[in-house]
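Residue numbers (the numbering used here): 5 to 157. Inspection log for the structure reproduced underneath, given as structure tokens.
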């Protein structure tokens, strides 16, 4: 399982997507120079004990789906076609993640009259798409090799 290169690519995706839980995705600065962090759950208020200014539960749910999907994909190493299908689904989820983060941040810019500074963390889904594509190519190579071995017998 670990010795296969596609597992390492998928582990890279898992690490990058897990890091998105721990770092802010964007920083919004309003006209009074108050700085709000957009995290995966939304925008928390500046004072403790107040409700969140904006809740981004779809981002949190999609991020959890992506992480769980990668875990299932890694442990489906005996079923290569399932791995390919799950990884393709994961690529579409990653594209949705990029769009959803930008949509949620931009929807709050007008209501808060703020300017957004996006974090480098937002590049992680794009890097994960590349790693997922490389994993699909290597899974396909393994499948082709196994099928050629079956023909030789």
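Glycine included, every Cβ here is placed at the ideal spot set by N, Cα and C.
How far does the beta strand (DSSP E) with residue 121 in it extend, from its first residue to its last?
118–122 is the span of the beta strand (DSSP E), which, as asked, contains residue 121.
Simplified DSSP assignment, three categories, for residue 30:
Strand at residue 30.
So which of 111, 119, 72, 142 has the shortest CA-CA distance to residue 94?
72
Neighbourhood of residue 13 by C-beta, 6 Å cutoff - its chain only, sequence neighbours within 5 removed
For residue 13, the CB contacts under 6 Å within the same chain, skipping 5 residues up- and downstream, are 135, 138, 139 in chain order.
Taking residue 40 as part of the beta strand (DSSP E), name the residues at either end of that continuous run.
39–42
By Cβ distance, which residues of its chain are closer than 6 Å to residue 119, with the 5 residues on each side in sequence left out?
Correct list, in chain order: 33.
What does the Cβ neighbour count give for residue 50, buried or exposed, with the cut at 16 atoms within 10 Å?
exposed
Contact set for residue 128: own chain, Cβ-Cβ below 8 Å, skip 5 residues either direction:
20, 21, 23, 24
Helix or strand or just coil, what does DSSP make of residue 79?
coil
Is residue 128 helix, strand or coil by DSSP?
helix
Helix, strand or coil, according to DSSP, for residue 58 in the structure here?
strand
What are the boundary residues of the alpha helix (DSSP H) that residue 13 is part of?
9–23
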